[in-house]
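Notes to accompany the following structure.
Number of protein chains: 2
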Amino acid sequence: MALSHAIMTALLDDDLSGYELARDFETSLGFFWQASHQQIYLELRKLSDKHWLSKREVTQRGKPNKIVYGMTRAGREALAEWVFGSTRTQAAKDDLLVKLYNLDTGNAAHLAGEITARREEMMRRLYLYEKIRRRHYDNPETLPTRRKGVYLALALGIHQGEQFLAWCDEALVLLATVKA
Amino acid sequence: MALSHAIMTALLDDDLSGYELARDFETSLGFFWQASHQQIYLELRKLSDKHWLSKREVTQRGKPNKIVYGMTRAGREALAEWVFGSTRTQAAKDDLLVKLYNLDTGNAAHLAGEITARREEMMRRLYLYEKIRRRHYDNPETLPTRRKGVYLALALGIHQGEQFLAWCDEALVLLATVKA
DNA sequence: TTTTATTATGCAAACTATTGCATAACAATA
DNA sequence: TATTGTTATGCAATAGTTTGCATAATAAAA
Chain A
1 MALSHAIMTA LLDDDLSGYE LARDFETSLG FFWQASHQQI YLELRKLSDK HWLSKREVTQ
61 RGKPNKIVYG MTRAGREALA EWVFGSTRTQ AAKDDLLVKL YNLDTGNAAH LAGEITARRE
121 EMMRRLYLYE KIRRRHYDNP ETLPTRRKGV YLALALGIHQ GEQFLAWCDE ALVLLATVKA
Chain B
1 MALSHAIMTA LLDDDLSGYE LARDFETSLG FFWQASHQQI YLELRKLSDK HWLSKREVTQ
61 RGKPNKIVYG MTRAGREALA EWVFGSTRTQ AAKDDLLVKL YNLDTGNAAH LAGEITARRE
121 EMMRRLYLYE KIRRRHYDNP ETLPTRRKGV YLALALGIHQ GEQFLAWCDE ALVLLATVKA
């Protein structure tokens with residue numbers, strides 16, 4: 001179970017509310033780990049019950065109040081320990097690949113459409129990635145240690161993304177050879 | 001929910017028992033969709049209750065009998081319909097990337113070890129992929145339609161895998177610059 | 001002033017997945 | 001003969017995730 005660890009990782013440097021976490025998870029760490037707000041709120045409560053996170057209510061003007069969570073000493077220790085554990089590779093479960101196993105003359109055009117949509121989505125994402133990389137991670141060797149790790153995650157995202165675009169192009173060419 | 005669809009996809013051409021499916025899921029389709037035998041048996045029962053799969057007991061000599069499942073007309077229709085639905089991209093949830101966000105001088109060596117292990121695992125997998133590709137998918141344009149789809153899934157696996165190896169090398173170089 | 005959007009948090013039900021345990025037929029080995 | 005390994009299927013408990021619903025404060029627009 002790693003959602004809790006992903007959340008704690010997001011709280012390493014900043015204290016955040018559930019709402020802010022949910023928003024941030026749509027970008028940055030969320031590129032590598034997604035979660036709905038329901039899950040995040042649930043996990044936050046569990047973690048603060050365990051005393052791995054501290055919570056405090058913040059009064060706001062013009063907005064509803066929020067509950068801000070931050071890492072405790074115990075939380076940092078537990079997270080650091082988790083990093084030392086070993087992880088199994090998890091297969092990327094992707095509907096699209098299962099669907100491709102079902103390719104026939106009737107659905108080739110539909111699948112080509114899905115691949116085109118994925119391609120566009122990936123283009124947008126790569127644009128974001130690249131923007132972040134150029135702005136904050138231009139010279140990886142000179143970064144402070146932790147940022148090097150973040151850079152590597154970003155680099156994998158970029159490489160895999162570019163690879164995916166190339167695959168989409170190959171796939172679209174091959175799918176075009178399937179006559180309806 | 002796509003485990004049911006992955007199972008039906010595996011049964012498109014051959015009738016298989018739960019045990020055989022579980023074994024096959026460790027290779028082939030299983031590269032893109034993993035499931036434990038418990039899940040598979042459960043899903044098989046659900047699908048045959050829905051009459052999307054037929055079941056029959058096969059008497060064996062020298063081994064316990066097995067229950068073999070096969071696609072029904074209704075199952076094929078439901079699967080074909082599912083292929084036409086649209087799919088959301090699911091974020092690859094990978095512990096390793098979350099761990100990298102926690103990079104520090106204390107865990108750099110450990111993470112390098114994990115990456116090395118992943119690299120070796122991917123090498124073995126690529127070896128398998130390549131063997132399959134050379135043997136069965138050497139000339140994609142001339143394949144029958146459905147096999148073209150399978151080829152594309154394999155091609156993505158190969159491309160992403162090679163990309164991953166390159167990333168591992170980059171990561172190991174950068175991690176080596178982190179002083180303990 | 002009613003509606004709509006944003007910020008903010010949560011419950012409950014249903015579904016999906018993992019872990020641990022259990023059984024049993026048969027073969028091969030010690 | 002007792003143990004171990006392979007084939008074969010399953011239950012139960014727990015954990016994790018998704019979906020649908022619900023609430024409420026405030027701001028901005030219609």
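As given, the protein sequences belong to chains A and B, one line each in that order. So the first sequence is numbered by my numbering: it starts at 1 and just counts up by one. So the second sequence is numbered by my numbering: it starts at 1 and just counts up by one. Idealized CB from N, CA, C, for every residue including glycine.
- If you ignore the 5 residues before and after A108(A), its C-beta comes within less than 6 Å of the C-beta of L175, V178, all in its own chain and listed in chain order.
- Shown in chain order are the members of the stretch 124 to 152 of chain A whose Cβ falls below 8 Å from a Cβ of chain B: P140, E141, T145, R146, K148, G149, V150, Y151, L152.
- Each of D13(B), L126(B), K93(B) was checked against the Cα of R88(A), and the nearest Cα belongs to K93(B).
- Within the stretch 60 to 85 of chain B, the complete alpha helix (DSSP H) runs of at least 4 residues fall at 73 to 84.
- Bridge pairing for K131(B): absent [DSSP].
- Taking the Cβ atoms as the reference, L96(A) lies roughly 16 Å from R125(A), outside the contact range of under 8 Å.
- For the stretch 88 to 114 of chain A, the residues whose beta carbon sits under 7 Å from a beta carbon of chain B are, in order, T89, Q90, A91, A92, K93, D94, D95, L96, L97, V98, K99, L100, Y101, N102, L103, D104, T105, N107, H110, E114.
- DSSP, read as helix, strand or coil, puts R119(B) in helix.
- At a cut-off of 8 Å between beta carbons, A22(B) makes no contact with chain A.
- Secondary structure at K46(B): helix, using DSSP grouped into helix, strand and coil.
- The stretch 150 to 159 of chain A and the stretch 155 to 171 of chain B touch, with no fewer than 3 CB-CB distances between them shorter than 8 Å.
- The beta carbon of R118(A) falls within 8 Å of a beta carbon belonging to chain B, placing the residue at that interface.
- In the displayed model, V178(A) falls within coil according to three-state DSSP, outside both helix and strand.
- Under the 8 Å criterion on CB atoms, E121(A) is classed as interfacial with respect to chain B.
- Per DSSP, R23(A) is one residue of the alpha helix (DSSP H) stretching across 18 to 24.
- For D24(A), same chain residues with a beta-carbon under 8 Å away, outside a window of 5 residues either side, are A10, L16, G30 in chain order.
- Secondary structure at S4(B): helix, using DSSP grouped into helix, strand and coil.
- The alpha carbon of L100(A) has as its nearest neighbour, out of E43(B), L47(B), S86(B), K99(B), the alpha carbon of S86(B).
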